[in-house]
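Just so we're on the same page, our numbering is the position in the sequence shown counted from 1, plus 1314.
The structure appears right after this line, and notes come after that.
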Amino acid sequence: MFYNLGIAGRAMRRIGAVEFATTIAPGLRDVLLTGKIKETVVRLDKNKLPVYDAIVVDAPPTGRIARFLDVTKAVSDLAKGGPVHAQSEGVVKLLHSNQTAIHLVTLLEALPVQETLEAIEELAQMELPIGSVIVNRNIPAHLEPQDLAKAAEGEVDADSVRAGLLTAGVKLPDADFAGLLTETIQHATRITARAEIAQQLDALQVPRLELPTVSDGVDLGSLYELSESLAQQGVR
């Protein structure tokens, strides 16, 4: 830990120097974190086998991800020798190797997608390996494409909707029925807007995964639901 500083690193932890240093130099915290990630990746058990099959790191927000991953290279350039330089070089090699995959999570909304596009461009310029773009809180379209397009323009066949409800044994008061039509238009408008935003992601040569909206909060069952969704999309 602490870039193989050994006794010095342990002493720094005891006296609280690490917390002090990361307070006056915030970038140092990122350096220590990436160093700890590398140490965890190369850790071996008594049989000389990797302790972990995979290591998942929750990185900073999308707008800071490139800076977070590049900070160690900056340290390597500054420290021309010694253990800090050697460890920094090791972290840089790990982050640029096929052992690393950077997955970016976004919502299908204008600002998050724009941040994702900018982050991918920056990561590509730094030659860091991009894994996939994960669209979180995806919502399904409950209408056929033709009906969806009409509803998005405010056109809903109220008579057909009422007839369908009656066939299903559902009779709504006029106020509730009007609310249903309004929600239908709002749903169609939202789905159409999301589809237009998704076209920006389509232009990327990056795999895209989707996670459904979990409306009742995330619990153990929800995690299984999300993992099953990823498995159906080819994630292993």
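Heads up, the beta-carbon is just placed ideally off N, CA and C, and yes, glycines get one too.
Here DSSP, grouped into helix, strand and coil, assigns E1441 to coil.
C-alpha of E1467 to C-alpha of T1506: approximately 10 Å in a straight line.
Three or more beta-carbon pairs drawn from the stretch 1510-1528 and the stretch 1446-1459 are found closer than 8 Å, and the two stretches are therefore classed as touching. In this structure, L1486 keeps its C-beta atom at 9 Å or more from the C-beta atom of V1470. Beta bridge pairing from DSSP links L1418 with V1447. A direct Cα-Cα distance of roughly 15 Å separates L1544 from L1418. If you draw a straight line from the Cα of H1456 to the Cα of I1444, it is about 32 Å long.
Per DSSP, the unbroken beta strand (DSSP E) holding L1523 starts and ends at R1522 to P1526.
In chain order, T1376 and G1377 place their CB closer than 7 Å to the CB of E1429, counting only its own chain and leaving out the 5 sequence neighbours on each side.
Taking a C-beta distance under 9 Å as the contact criterion, T1414 and A1465 do not qualify as a contact pair.
Taking C-beta atoms as the reference points, V1520 and I1434 count as a pair closer than 9 Å.
Membership of Q1513 in the alpha helix (DSSP H) is indicated by the continuous run D1488 to D1516. Boundaries of the alpha helix (DSSP H) around A1466: P1459 to A1466. Linking T1348 to E1458 through their CA atoms gives a straight-line distance of about 47 Å.
With respect to the 9 Å criterion, V1405 and I1369 are not classified as neighbours on the basis of their beta carbons. Here DSSP, grouped into helix, strand and coil, assigns L1480 to helix.
Taken atom to atom, the span from the alpha-carbon of G1478 to that of N1412 is near 54 Å.
The beta-bridge partner set that DSSP reports for P1364 consists of L1358. When the beta-carbon positions are compared, R1508 and E1432 stay at least 9 Å from each other. Excluding residues up to 5 positions away in sequence, F1382 and V1385 lie with their Cβ nearer than 7 Å to the Cβ of D1344 in the same chain.
The beta carbon of P1374 lies closer than 7 Å to those of F1382 in the same chain, with the five residues before and after it left out. Secondary structure note for Q1546: its alpha helix (DSSP H) is the uninterrupted segment L1534 to Q1546. A straight line joining the alpha-carbon of S1402 with that of L1534 spans about 38 Å.
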